[in-house]
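Chains as they are written, first to last, in the numbering used here: chain E, 20 to 248; chain F, -8 to 841.
Think of the CB as a built atom: it goes at the ideal place given N, C-alpha and C, for glycine as much as any other residue.
One structure is given here, and the rest of the page talks about it.
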Amino acid sequence: METILNIANLYKTYKSAGRTLTVLDNINFAIGAGTANAIVGPSGSGKTTLLGLCAGLDSATSGLVELNGVDLGSLGEDKRAQVRNQYVGFIFQNFQLLPTLTALENVMVPLELRGEKNIKARALDLLDKVGLADRGHHYPAQLSGGEQQRVSLARAFSNSPRILFADEPTGNLDAETSEKVVKLIFDLNTEAGTTLVLVTHDLELAAKTQRILRIKGGKLVSDEPTGNQ
Amino acid sequence: MDNMNFNRKINFAWLFKMALRDSRRNRARLLLFISSIVFGIAALVAIYSFRYNIQNDINAQAATLIGADLSITGNKQPDKKLQTLLDSIGGDRSEERSFASMIYFPRTQGTRLVNVKALQGAFPYYGDLETTPLQAGKSFKTGKFALVDKTLMLQFNAKVGDSIKVGSTPFAIAGILNKAPGQTGIAAGIAPIVYIPFQYLEETKLIGLGSRINYAYYYKLKQGIDAEKLSKKIEPELEKADYGYDTVEGRKENTGRSFGDLSRFLSLVGFIALLLGCVGVASAINIYIREKIASIAIMRCMGVKASEAFLIYLIQITGIGLIGSVAGAVLGTSIQHLLPLVLKDFLPITISVQISWMAIWQGILLGIIISVLFALLPLINIRNISPLNTLRLSFEDAATKRDPFRWLVYLLVVGFVVGFSYLQLEDWASAATFTVGILIAFLILTAIAWLLIRFTRLLIMSSWSYIWRQGFANLYRPRNQTIILTVSIGLSTAFIATLFLIQQLLIAQVSLSSSGNQSNMILFDIQTAQEKPLAELTRKEGLPVLSQVPIITMRLEKVNGKTAADAKKDSTLRISPRAYAWEYRVTYRDSLTSSEDITSGKFIGKATPGKDIPVSAEERFAQRVNAKVGDKLVFNVQGVIMNTYISSIRKVNWNRVQTNFQVLFPTGVLEDAPQFHVLLTHVPSQKSSAAYQQAVVQQFPNVSIIDLGLVLTVLDELLDKIGYVIKFMSGFSILTGIIVLISSVRISKYQRIQESVLLRTLGASRRQIFSITALEYLFLGALSALTGIVIAIGSSWLLAKYTFKTPYHVDFAPVAYIFLAITGLTVVIGLLNSRGILNKPPLEVLRSNA
């Protein structure tokens, strides 16, 4: 199986009040293309930092982060931005939609950035898939939390990413809405053949993936398949 | 793996689209921020338009400014050589003699010192003596007629056909003189003109010893003769005879130059308004970008490059700057219609008002440059906003990161301020001083705010009530507004208070008191034979003779052996060549007056026969001729050479109403020289002034009188006009200051909303939130206003000392009003902006800000 994400000897430290704080301590794993994976751990374990590094949102103190064969450590922030635009989709706990753009425009942004054509039709199609075809002209403030997360999902898939990073995607949603959103994530993921990396402390959600990586105190403490195909 | 192409080109169309989209929910706020520059741009566009129109008007009306192709003037009778030269010029010539004299209105029994002009010939050749009735400008020369200035006619309630007495000759008023070539409204107010025909000048018997007469010759040159070339040719001869000349081109330049000074001053006031607006723009954009971190981080996550994110907001600010500048240009173009009304009395030409596209483009360009430049500091922080902010907010990191571009922006801002000030002042030293002054004010305010943040933390006592602790804690807690508000409110206060203090100072400087027993009437041109009878007449009228001073006219021939020609050739001598051209009016006495102080050397009151004469030089005169104590001066006293040396240098208080002199001779030298006298008296009322003046004019028609009461009235009017111009221009700064204040306080609303809502959710009452907010703004407003006022006192003191050279004093009552007004305004605006939080339920506010 092709490796889409390769993490080796990864360290991340911060300087705080004159002390060095190690947030990630020698992390090693590889993720195969098209698989669904969960990173779990308690609050403050370093899982969000790890997601940030894997997605190229931040740079590591040392170690290797290779995404789709591109060594992110060797790239500056602007080049990493292009990698994200090309290969990565994001879903955040607090949706992170641009408040001044309509739902449709939010979905169109990654495609516009790539200079693609016929993007409106594709964006509308994605909104239709998440059940929001008639809400395209609404601004985020006019949508409920579940609707905002579905727009965020449509946006994440708009650039046909090779890998999708989701940070606590149901953290701000009620149980019923969470269930719908989770179903959508997995369905769209399967349909597009995208790799999924899910950061959560919801073990029930993690169990729906094929593999669970556990982090504690900045260290990878276990890496187990769930048995899902 | 795909082949990754890292060379994505910047798609400007998309950046424009994103800039427009992103501005959607912020346009009203952005417009409020940018409105800070509207008044500054308006002021500058108005002044620039006015400047261009004036330049066109000067070019179009230049010939009427002088009324002839060439004018030649001097203040002594031309000698034979000069007369031959004057006769050889050819073309048509008019002759004029002018001098100060009293005139008498028999019907109303009024007297007044005027500028009498005796005219012969067809002058003016270009333009007209504007009179009512129209033909009077030409017809008055046909008999014993006079043209009388319109202000005089009004003052003495005179009518055409009435008679006036000039010296001992009566003239019938042929017409009202509305305007003479090149004359300003202000000049007419100070020295009103009366034209009489030249042929009756002798008859007035005013041309006598001691009379100071100006001789003017106006030429309409023959076709094909170039006035410029001709004047250059005859210049050496004229100089030798102490005569000067003027041509249309020369007058054009001079008028343009003197108007340039006025417009430069006004532009600088406009620029201050604009700078104040820039502080508002910079602080508002700083907060705006801070609020945009989340959006920028999201865009960065989607793959937007740092440069692209920066460009999106740069486009937005440029667009908003363009809107603000266009609004300013429109307002300025409208306002320029008012400027001629405000300034017409200062200018010798008819002012036209036309739309100046050049001024509009300049204003718009300046507005865009300045809004982008001052927004750059917060804008460059965008480049440092990490996409990681989608997971955790950390703007402080972005803003405080060491970024070499910050220094480049600082340099650009300082460079711009220096450059623009230079364009206004045309002097690098003044431009640098202006910029350094502003930088110092900025640094002082920043330092005060910084100290406030540091010390408030230490000052807060646990024994204070929660409201006081919370109100003060708002000054130093994270994301506080202390520095931005202190700097913007403080700078606004400093600008406004400086303008106000300087205006007060200038007005106070000339409000010469004529109360008490100080002299308030000066009689001059008194001949020696008239000295005693006039003093007797004065006493007979019940008035005191406060001082009688002899005056002798003389010229400076040599300074330490150097003549005018030497001074002109060798600039290292540092002697002003013009010092040799003046006719000095000198007196002699054996003691100093109360307005004189010796600064170096020793005053000698009596000359020793057969030795060089010890004279006392006034310090500015000494500077002009680059002389010190012991240096030798040679004077020519109407043909007699006098060798003198400087025995002392005096400081003279010129503000006092008394006769002051540049050169003071000792007794025992000039007693027999041809001289005239000055008498100073004090008239207690207008009635006694009129009676005394009538008596003097009747008995001594050659004696001129300056009534200080009248001079003060004229000065008051003049100052009113100047004060109005200053107030008009500083109004732009005041309006800008208020907008900056509103904008600064309004942006802080967004900072305070969340915590106020949280406090309300936790059970704080409206009154408590109100008190916390009021205390925070009260303290910020008071401290900023106080600092601004201290800066204003410092800067106005410097201006008083070095620019206006006037004694400094501050009237604290109006300054206290400024302090209270700014503090009150800050609190009121702060509270008005918090109204939304106070009046609505917390949930509603939370939802609306989601």
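- A Cβ-Cβ distance of about 15 Å is found for the pair LEU56/F and TYR236/F, leaving them out of contact under the 8 Å criterion.
- Measuring C-alpha to C-alpha distances from PHE114/E to each of GLU21/E, LYS148/E, ARG174/E identifies ARG174/E as the nearest.
- DSSP places LYS560/F in the uninterrupted alpha helix (DSSP H) bounded by 555 to 560.
- For SER679/F, the enclosing alpha helix (DSSP H) stretches over residues 677 to 690.
- One Cα belongs to SER762/F, the other to ILE451/F, and the distance between them is close to 16 Å.
- If you look at ASN627/F, you'll find it in the beta strand (DSSP E) that goes 623 to 628.
- Going by DSSP, TYR30/E is part of the beta strand (DSSP E) stretching over 22 to 35.
- Contact annotation: the segment 193 to 212 of chain E does not touch the segment 235 to 243 of chain E, with fewer than three C-beta pairs closer than 8 Å.
- Assignment of PHE111/E by DSSP, reduced to helix, strand and coil, places it in the coil class.
- A Cβ-Cβ separation of about 7 Å places PHE131/F in contact with GLY166/F under the 8 Å criterion.
- Along the segment 103 to 116 of chain E, going in chain order, the ones with a CB nearer than 7 Å to a CB of chain F are ARG103, ASN104, GLN105, PHE109, PHE111, GLN115.
- Counting along the chain, PHE114/F sits inside no beta strand (DSSP E), nor does DSSP assign it H or E at all.
- Non-local beta-carbon contacts of LEU655/F in its own chain, meaning distances under 6 Å to residues more than five positions away in sequence, involve SER607 in chain order.
- Residue state for GLU417/F is assigned as coil, using DSSP reduced to three classes.
- Distance from the CA of VAL102/E to the CA of LEU76/E, rounded to the nearest whole angstrom, comes to 10 Å.
- Separation of the CB atoms of ILE376/F and ARG291/F is rounded to 7 Å, and the pair is thereby assigned contact status at 8 Å.
- Distances from the alpha-carbon of ARG530/F to those of LEU670/F, LYS213/F, ILE813/F put LEU670/F closest.
- Listed in chain order, the non-local C-beta contacts of GLU166/E below 7 Å within the same chain comprise LEU151, ARG154, local neighbours out to five positions each way being set aside.
- Per the coordinates, the alpha-carbon of MET144/F lies some 20 Å from the alpha-carbon of ALA682/F.
- The straight-line gap separating the alpha-carbon atoms of SER676/F and MET512/F is approximately 11 Å.
- Listed as beta-bridge partners of GLU609/F by DSSP are ARG641/F.
- Straight through space, the alpha carbons of GLN666/F and ILE517/F are spaced by roughly 9 Å.
- Apart from the 5 residues on each side of it in sequence, GLY481/F sits with its Cβ closer than 6 Å to the Cβ of LEU436, SER775, THR778, GLY779 in its chain, given in chain order.
- At a Cβ-Cβ threshold of 8 Å, ASP140/F and ARG98/F do not count as neighbours.
- In chain order, ARG(-1), ASN2, TRP5, MET290, MET293, GLY294, VAL295, GLU299 make up the part of chain F whose C-beta sits under 9 Å from the C-beta of LEU132/E.
- In terms of Cα proximity to LYS199/E, the closest of LEU224/E, VAL89/E, ILE58/E is LEU224/E.
- In this structure, the straight-line span from the alpha carbon of SER734/F to that of PHE491/F is close to 23 Å.
- Excluding its 5 nearest sequence neighbours in each direction, TYR768/F has C-beta neighbours in its own chain below 6 Å: THR817, VAL818, GLY821, listed in chain order.
- Taking a cut-off of 8 Å on C-beta distances, the segment 70 to 77 of chain F does not touch the segment 353 to 363 of chain F, as fewer than three cross pairs fall below it.
- Taking a beta-carbon distance threshold of 8 Å, THR196/E does not count as an interface residue toward chain F.
- Burial check for PRO159/E: the Cβ neighbour count within 10 Å reaches 16 or more, so the residue is buried.
- In the structure shown, ASN245/F adopts helical secondary structure according to DSSP, grouped into three states.
- At a cut-off of 8 Å between beta carbons, LYS98/E contacts chain F.
- In this structure, the straight-line span from the alpha carbon of ASP603/F to that of ARG580/F is close to 17 Å.
- Distance check between HIS668/F and each of ALA791/F, VAL694/F, TRP5/F places VAL694/F closest, using alpha-carbon atoms only.
- DSSP, reduced to helix, strand and coil, places SER154/F within a strand of the structure shown.
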